[in-house]
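Numbering (my numbering), first residue to last: 1 to 387.
Worksheet: the structure to be examined is printed underneath.
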């Protein structure tokens, strides 16, 4: 789950990571009131709050030294549809702002913590190229990204921070600050079960103070049940309606740009299904993961969600019956398909426990559906049927 910058900065403050003084605003009047009553300046920043990077380049971040200009700047951004490289061509409407004080910037750095997939350990990434997209730095200047693995059994110690600070060429006045900040950031990462925490830029001010000028946090959905405070930060305005609908039924739905709806059980099978559809010559419109315990009700909801997407011209059901037997899934598909009155081609591939019996049930169901013998057969059939 993603959260907004102002929410990330609230968490930073809770963990004693310095951030600029500021508050979120949900209207122009609120923006003016925050700047008038709570901020001292001399520089003010008005920032669009959407779940996407690249806001500055899209006109979503405005800086002024005149407090009286905040009203007009807020009017300019609030309600605007921002199109960035992370929003897609449809963009995202700005429904809230962050009004905060600016910083007297001397240097900009990059700092983040993610889980290293190879080792399973948290890895700190830091760079002198703050303010830039880290992907661009990695592509053009990979030598400027410093990585420091942290043994989770031991934790983050001051020497980790000092080592990175010296590699970044920090002046001695800020080395100790950075070491403390990194320990606090690591504590936030572990205690809140984060998938990623990023400060970009982390600035060193001319007064030799460290400030997290921007922040991004990705929370591990699987750990949300442990964090009611984080669950409360979910912003439904930032999610697609069908994704919200799917989550209400415990389903994982991701919208894509093709024409074939994919119903699967398991993330790995979803990836394989999308790959093989592309190999067969078409594009997936989405994937909907019904999980390992698919039931008739689950499949019914899944069909309704897939069909709600007007781009879906055909559905490919690709289920592996492991814990749940295939004939039970087939029964659910037959009943659900009758109830939702399918009007697009349907191809079903079932494999695993009792798959032969399940395929016979589908063939004898009287429904207009194709039964595939394997994954490649299924992909070729659905692609041919939607052409």
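Think of the CB as a built atom: it goes at the ideal place given N, C-alpha and C, for glycine as much as any other residue.
This one's a predicted model, so the numbers in the text were calculated from it and none came from an experiment.
{"Check": "Verify whether the separation of the beta carbon atoms of residue 313 and residue 344 is less than 8 Å.", "Outcome": "yes"}
{"Check": "In its own chain, which residues sit with a C-beta less than 6 Å from the C-beta of residue 298, not counting the 5 before and 5 after it?", "Outcome": "290"}
{"Check": "For residue 277, which residues from the same chain have a beta carbon less than 8 Å from its beta carbon, with the 5 sequence-adjacent residues on both sides left out?", "Outcome": "258, 260, 262, 283, 284, 316, 379, 382 and 383"}
{"Check": "Who are the near neighbours of residue 237 in its chain, counting only those whose CB is closer than 6 Å to its CB and skipping five residues on each side?", "Outcome": "95"}
{"Check": "Please name the residue, chosen from 219, 196, 305 and 271, that lies closest to residue 250 on a Cα-to-Cα basis.", "Outcome": "305"}
{"Check": "Measure the Cβ-Cβ separation of residue 185 and residue 244 and say whether it is below 8 Å.", "Outcome": "no"}
{"Check": "Going by C-alpha to C-alpha distance, which of 65, 129, 234 and 120 sits closest to residue 100?", "Outcome": "65"}
{"Check": "Can you name the start and end residues of the beta strand (DSSP E) that residue 100 belongs to?", "Outcome": "97–101"}
{"Check": "In the DSSP output, what is residue 262 paired with across the bridge?", "Outcome": "316"}
{"Check": "How is the alpha helix (DSSP H) around residue 159 delimited, first residue to last?", "Outcome": "158–167"}
{"Check": "Where does the unbroken alpha helix (DSSP H) through residue 125 begin, and where does it stop?", "Outcome": "Where residue 125 is concerned, there is no enclosing alpha helix (DSSP H), although the beta strand (DSSP E) it sits in stretches over 122–127."}
{"Check": "Looking only at its chain, what residues have a beta carbon closer than 6 Å to the beta carbon of residue 124, apart from the 5 residues adjacent to it on each side?", "Outcome": "113 and 148"}
{"Check": "Taking contact to mean 3 or more Cβ pairs, one atom from each stretch, closer than 8 Å, check whether the stretch 20–39 and the stretch 188–202 are in contact.", "Outcome": "no"}
{"Check": "Report all residues from its chain with a CB closer than 7 Å to the CB of residue 77; omit the five preceding and five following residues, and keep chain order.", "Outcome": "46, 48, 60, 62, 94 and 97"}
{"Check": "Determine the extent of the beta strand (DSSP E) in which residue 22 is found, giving its start and end residues.", "Outcome": "22–25"}
{"Check": "Work out the CA separation of residue 72 and residue 331 for me, nearest whole Å.", "Outcome": "60 Å"}
{"Check": "Do the stretch 136–145 and the stretch 227–241 make contact, defined as three or more Cβ pairs closer than 8 Å?", "Outcome": "no"}
{"Check": "Need the endpoints of the beta strand (DSSP E) that residue 145 sits in, please.", "Outcome": "145–149"}
{"Check": "In angstroms with no decimal places, state the Cα-to-Cα distance between residue 275 and residue 267.", "Outcome": "12 Å"}
{"Check": "In chain order, what are the residue ranges of uninterrupted alpha helix (DSSP H) at least 4 long that sit wholly in the stretch 242–292?", "Outcome": "267–280"}
{"Check": "Classify residue 360: buried if its beta carbon has 16 or more other beta carbons within 10 angstroms, exposed otherwise.", "Outcome": "exposed"}
{"Check": "Is the separation between the beta-carbon of residue 31 and that of residue 92 shorter than 8 Å?", "Outcome": "no"}
{"Check": "What number of angstroms, rounded off, separates the C-alpha of residue 273 from the C-alpha of residue 346?", "Outcome": "15 Å"}
{"Check": "Sort out for me which residues DSSP pairs residue 44 with in a bridge.", "Outcome": "64 and 101"}
{"Check": "So the beta strand (DSSP E) residue 198 belongs to, where does it begin and stop?", "Outcome": "194–205"}
{"Check": "What are the uninterrupted segments assigned as beta strand (DSSP E) that are 3 or more residues long and contained completely in the stretch 341–386, given in chain order?", "Outcome": "346–352 and 370–372"}
{"Check": "Output the boundary residues of the alpha helix (DSSP H) element that contains residue 74.", "Outcome": "70–77"}
{"Check": "Whole-angstrom Cβ separation of residue 246 and residue 288, contact assumed at under 8 Å?", "Outcome": "7 Å"}
{"Check": "Where does residue 2 sit, in a helix, a strand or coil, going by DSSP?", "Outcome": "strand"}
{"Check": "Looking only at DSSP bridge pairs, what is residue 53 linked to?", "Outcome": "In DSSP, residue 53 forms no bridge with anything."}
{"Check": "Whose C-alpha, out of 153, 195 and 210, is nearest the C-alpha of residue 173?", "Outcome": "210"}
{"Check": "Measure the alpha-carbon distance for residue 309 versus residue 118 and round it to whole angstroms.", "Outcome": "37 Å"}
{"Check": "In terms of alpha-carbon separation, which member of 168, 144, 132 and 122 lies closest to residue 153?", "Outcome": "122"}
{"Check": "Comparing the CB of residue 367 with every heavy atom of the ligand MG, is any distance shorter than 7 Å?", "Outcome": "Summarising the ligand content, the structure contains no ligands, and the ligand MG is consequently not present."}
{"Check": "For residue 334, which residues in the same chain have their Cβ closer than 6 Å to its Cβ, ignoring the five residues on either side in sequence?", "Outcome": "365"}
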